[in-house]
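Numbering (the numbering used here), first residue to last: 280 to 427. Cβ atoms here follow ideal geometry from the backbone N, Cα and C, with glycine treated the same way. If you're wondering where the values come from, they're calculated on a predicted model, not measured in any experiment.
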Amino acid sequence: MPADSNAVALAATLQRVALGVMFLAHSLFLKLIVYTLPGTAQFFTSIGLPGWFAYVIFTVETAAGVMLVLGIQARWVALAVAPVLAGATWAHSGNGWMFGYENGGWEYPAYLTLLSISQFLLGDGRLALVPSRPAPQGFPGLSAGGRA
């Protein structure tokens, strides 16, 4: 059954904006205000990562959130943050499945990793400020220009 292209484009747009808002909430609210950047750096150190890496992740998450919400090269931003989310899955892997467990489980970051990959496959959707560049050869099924 052929997909309704308007519905797919709307779904891609809604997913893109929701993913961007999530990144902004996790960077600006959770890491900056609730845990603070020094506190986030301490957490990174406690799991064997360098503390300065928390500042890199904060910057990546904030920039990705803004770019996804506005639709700036969203397909490629979603692909670029998938490893960050996979890393968050790893960071929470020892805490159990549910994200509501103490120190957060790995369920939510794993879901966000797949959501990010899905956004890459769907493309920008509608209302993208700077539409994604076309996919290079070898990415069958991706629409030209990154729009769903």
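Item                                                                                                                     : Value
Between the CA atoms of T292 and T338 - distance to the nearest angstrom                                                 : 23 Å
Simplified DSSP assignment, three categories, for I326                                                                   : coil
Separation of G327 from N374, as counted between CA atoms                                                                : 15 Å
Residues of its chain near L408, where Cβ-Cβ distance is below 8 Å and the 5 sequence neighbours each way are ignored    : L349, G350, I351
Cut-off 8 Å between Cβ atoms - residues of its own chain near L391, not counting five sequence neighbours on either side : L298, M301, L364, A367
Counterpart residues of I351 in DSSP-defined beta bridges                                                                : V409
Status (buried if at least 16 other CB within 10 Å, exposed otherwise) for M377                                          : exposed
Heavy atom of the ligand GTP within 7 Å of L289 beta-carbon                                                              : With respect to small molecules bound, the structure shown includes none, and the ligand GTP cannot be examined in it.
Three-state class that DSSP yields for D283 in the structure shown                                                       : coil
Through-space distance from G344 to D403, alpha-carbon basis                                                             : 14 Å
Proximal residues to N382 (C-beta, below 6 Å), its chain only, five neighbours per side dropped                          : N374
Closest Cα partner of I336 within the set A353, R354, A361                                                               : A361
Alpha helix (DSSP H) segment containing Y390, residue limits                                                             : 386-401
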